[in-house]
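In mature numbering (1 follows the signal peptide of the UniProt record, and there is no 0), the protein residues as written are -28 to -1, 1 to 442.
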């Protein structure tokens, strides 16, 4: 069962708490007690009038090709013949929200709203409409930066340092839920540093709020009582699909990185590379390491070219903090590195052999060596139209492959490869027992396979073998 608390009750409770602190309380110098019932009843109206014009509605259109099986209504044959039939274009529409970040038309939204759209229309609070194009988008972060052309003097929100946000702060969520029009809801910051599968992203790092967020709020603003943007609403945890009081927003610090990179002309979001895998410290590990409580993450493995390996980190070391900010999971560490940005250095607190030390680690991108050397298999091969690339640290990082992956990765299986069960991200280790060291070697092996074809693959960290009769 879900309970809602009237806004007046929340404000009244806040008033009682302020009075209880007394004139010498810690908030006395910063907070003004409302002087009248009329002042209390104003609520957030002045704040909304200032902030709402900077939040926009977004309508995105995407054209995808779908294949209509001739046995679509047959429960038995529909699965066998799902890759047969005529290909037809189909229009997919989505709606969401966005936040104007600058007076010259830079707008942030979610990747899942606009990242793959062919056409984007942005509607402002005053009903003006503009076409927009995506400058920078990243699926892993679920963020995208749009640009409205030919605009100036637009209302926009300032980005707040999201590290200064505290649990219990009053916040407003502004967006376009269910397409009903711009809507404002209020709540508090319920939690910080949320990550894991419950948030909808294993690599994410989120601010949690109980302000009602519903479908259509994606990409909208989460603001503080001063009207500054502290996060971009991105997902909810709900069994019904509607608000259940558990919503998540991407911190403004990450939004700032996207804005800076888009202004610099980047079309692909670049984040520093850790080149490691790890897991949170549990109670037993903490006791063994001499810690008074579980904190930090344990390094499980390192790529040979990882900046951490180069600086002397080894498996078993515990990373406690990045630039003095405590971490408790790999997702938190990657977030700290990402908001630090490329080209700088971070002071990483390490616990190794019972000794703590701050070690400077360079923030570098994953190396692109060897070059990807993309190659599309020719018509003479057993699986034509398949795009193959070399596995390098950048590919490992982008496709989240295991650190010791080698060989050739399938970037696009093509129509025939897809029918055969191959997927994007599959790493081909051998073809008919012969090691695959490059796309050219793979194409040669596929050109003379004999009467059968055997592929040893690495998929989702597990090795598998696929056999085909030709």
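Heads up, the beta-carbon is just placed ideally off N, CA and C, and yes, glycines get one too.
With residue i as the anchor, note down where its beta strand (DSSP E) starts and where it stops.
{"i": "residue 192", "result": "Taken as a continuous stretch (DSSP letters only), residue 192 belongs to no beta strand (DSSP E), as it is neither H nor E."}
{"i": "residue 269", "result": "269 to 274"}
{"i": "residue 367", "result": "Looking at the DSSP string, residue 367 is not in any beta strand (DSSP E); the run it does join, the alpha helix (DSSP H), is 365 to 370."}
Between residue i and residue j, which are expected to be in contact by the criterion C-beta below 8 Å, what is the C-beta distance as a whole number of angstroms?
{"i": "residue 117", "j": "residue 80", "result": "6 Å"}
{"i": "residue 82", "j": "residue 24", "result": "That belief does not hold up - the Cβ atoms of residue 82 and residue 24 are roughly 19 Å apart, past 8 Å."}
{"i": "residue 222", "j": "residue 203", "result": "6 Å"}
{"i": "residue 250", "j": "residue 269", "result": "5 Å"}
{"i": "residue 128", "j": "residue 90", "result": "So it is not a contact: roughly 26 Å between Cβ atoms."}
{"i": "residue 193", "j": "residue 157", "result": "No, residue 193 and residue 157 are not in contact; Cβ-Cβ is about 11 Å, not under 8 Å."}
{"i": "residue 252", "j": "residue 310", "result": "Not quite, the Cβ-Cβ distance comes to about 19 Å (not below 8 Å), so this is no contact."}
{"i": "residue 424", "j": "residue 439", "result": "7 Å"}
{"i": "residue 293", "j": "residue 332", "result": "So it is not a contact: roughly 13 Å between Cβ atoms."}
{"i": "residue 32", "j": "residue 66", "result": "5 Å"}
{"i": "residue 442", "j": "residue 354", "result": "6 Å"}
Which residue marks the beginning of the alpha helix (DSSP H) containing residue i, and which one marks its end?
{"i": "residue 445", "result": "Nothing about residue 445 can be reported from this structure: the residues present for the chain run from -28 to 442 only."}
{"i": "residue 232", "result": "224 to 235"}
{"i": "residue 19", "result": "17 to 23"}
{"i": "residue 358", "result": "No alpha helix (DSSP H) contains residue 358, which DSSP labels as neither H nor E."}
{"i": "residue 312", "result": "302 to 312"}
{"i": "residue 456", "result": "Outside the displayed span of the chain (-28 to 442) sits residue 456, for which this structure offers no information."}
{"i": "residue 139", "result": "It is not in any alpha helix (DSSP H) - residue 139 carries neither H nor E in the DSSP assignment."}
{"i": "residue 85", "result": "83 to 86"}
{"i": "residue 339", "result": "That residue, residue 339, is in no alpha helix (DSSP H); it is neither H nor E in DSSP."}
{"i": "residue 279", "result": "279 to 282"}
Just to confirm, are residue i and residue j a CB contact at a threshold of 8 Å?
{"i": "residue 94", "j": "residue 104", "result": "yes"}
{"i": "residue 356", "j": "residue 382", "result": "no"}
{"i": "residue 359", "j": "residue 384", "result": "yes"}
{"i": "residue 392", "j": "residue 403", "result": "no"}
{"i": "residue 305", "j": "residue 282", "result": "no"}
{"i": "residue 201", "j": "residue 208", "result": "no"}
{"i": "residue 164", "j": "residue 137", "result": "yes"}
{"i": "residue 29", "j": "residue 154", "result": "yes"}
{"i": "residue 430", "j": "residue 394", "result": "no"}
{"i": "residue 134", "j": "residue 179", "result": "yes"}
{"i": "residue 443", "j": "residue 34", "result": "This structure gives no information on residue 443, because the portion of the chain shown stretches from -28 to 442."}
{"i": "residue 120", "j": "residue 102", "result": "yes"}
{"i": "residue 276", "j": "residue 324", "result": "no"}
{"i": "residue 159", "j": "residue 123", "result": "no"}
{"i": "residue 177", "j": "residue 318", "result": "no"}
{"i": "residue 113", "j": "residue 226", "result": "yes"}
{"i": "residue 199", "j": "residue 22", "result": "yes"}
I'd like to confirm the pairing. Which residues does DSSP put opposite residue i in its beta bridges?
{"i": "residue 109", "result": "116"}
{"i": "residue 321", "result": "293, 330"}
{"i": "residue 402", "result": "407, 428"}
{"i": "residue 443", "result": "Past the edges of the chain, shown from -28 to 442, lies residue 443, and the structure says nothing about it."}
{"i": "residue 252", "result": "269"}
{"i": "residue 155", "result": "147"}
{"i": "residue 163", "result": "180"}
{"i": "residue 440", "result": "425"}
{"i": "residue 70", "result": "28"}
{"i": "residue 241", "result": "Paired residues: none, contrary to the question."}
{"i": "residue 79", "result": "72, 118"}
{"i": "residue 381", "result": "361, 399"}
{"i": "residue 435", "result": "430"}
{"i": "residue 285", "result": "Per DSSP, none; premise fails for residue 285."}
Below 8 Å, can you find three or more Cβ-Cβ pairs linking the stretch 345 to 353 to the stretch 398 to 413?
yes
Inspect the CB distances between the stretch 189 to 200 and the stretch 141 to 158 and report whether three or more fall short of 8 Å.
yes
Please confirm if the stretch 259 to 272 is in contact with the stretch 228 to 237, defined as three or more CB-CB distances below 8 Å between the two stretches.
no
Closer than 8 Å is the cut-off here; do at least three beta carbon pairs connect the stretch 370 to 380 with the stretch 330 to 337?
no
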